[in-house]
Ligand code: ADP
């Protein structure tokens, strides 16, 4: 009896751990150059096709103050003023994506910061050339994923199940 209860508890715990892994979030943004070049659909398509779940999406023109918060860790870099100018040159599409290992996999899908060092098959490796026009952003750690989703969406992301979930996760 005790053994049965323990095995039920262990199975429940395993499924909880699995589920919480699938709830990892990352912040992906199509930058102003990506929007202007008509690459919003292409970038969304790649994340959707991979099996990740869109839980937040909005087009917006972020203020300089907001961008300075987002890029606070780069404040001392010589390219910082140019980066803020570029990022505020037009609307962006801000997105929150959810799924197992979405932060690491999202970064791999984006490619290297410098597009010339990005492999073909990655978003930057397929669609851009200059580091200062690299069309998309993706969170670089699980912590910054949470922080950036909170910064751009507050509490306003969606909590829903995909009906295809059992076809994506075993
Ligand atoms: P990532 O966006 O890949 O996380 P970083 O956080 O280091 O890379 O940099 C943020 C953004 O700043 C880059 O995506 C790029 O647009 C810009 N950037 C980074 N390094 C340079 C550079 N040397 N010159 C111009 N822009 C840069």
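Numbering (our numbering), first residue to last: 22 to 191. We put the CB at the ideal spot given by N, CA and C, even for glycine. Since we're looking at a predicted model, the values are computed, not measured.
Taking residue 122 as the centre and dropping the five residues before and after it, the same chain places the C-beta of 42, 45 closer than 8 Å to its C-beta, in chain order. For residue 78, same chain residues with a beta-carbon under 6 Å away, outside a window of 5 residues either side, are 116 in chain order.
Under the DSSP definition of a beta bridge, residue 78 partners with 116. For the stretch 118-179, the continuous beta strand (DSSP E) assignments of 3+ residues that do not extend past its boundaries occur at 157-159, in sequence order. At least one heavy atom of the ligand ADP lies closer than 7 Å to the C-beta of residue 153. DSSP lists 118 as the bridge partner or partners of residue 47.
When DSSP states are grouped into helix, strand and coil, residue 62 belongs to the helix group.
DSSP places residue 191 in the coil class of the three-state scheme, outside both helix and strand. Residue 109 places its beta carbon less than 8 Å from that of residue 88. For the pair of segments examined, the stretch 152-161 was found to touch the stretch 44-60: the number of CB pairs separated by less than 8 Å reaches three. In the structure shown, residue 70 adopts helical secondary structure according to DSSP, grouped into three states. Under a 10 Å Cβ-count criterion, residue 60 is classified as buried, with 16 or more other Cβ atoms of the shown protein chains found around its own Cβ. Annotated three-state conformation of residue 92 is coil, per DSSP. Across the set 163, 74, 62, the C-alpha of 74 shows the shortest separation from the C-alpha of residue 190. Using a 10 angstroms sphere on the CB of residue 139, the tally of other CB atoms reaches 16 or more, which defines it as buried. Boundaries cannot be given for residue 83, as no alpha helix (DSSP H) includes it and DSSP labels it neither H nor E. With a threshold of 16 other beta carbon atoms within 10 Å, residue 111 falls short and is exposed.
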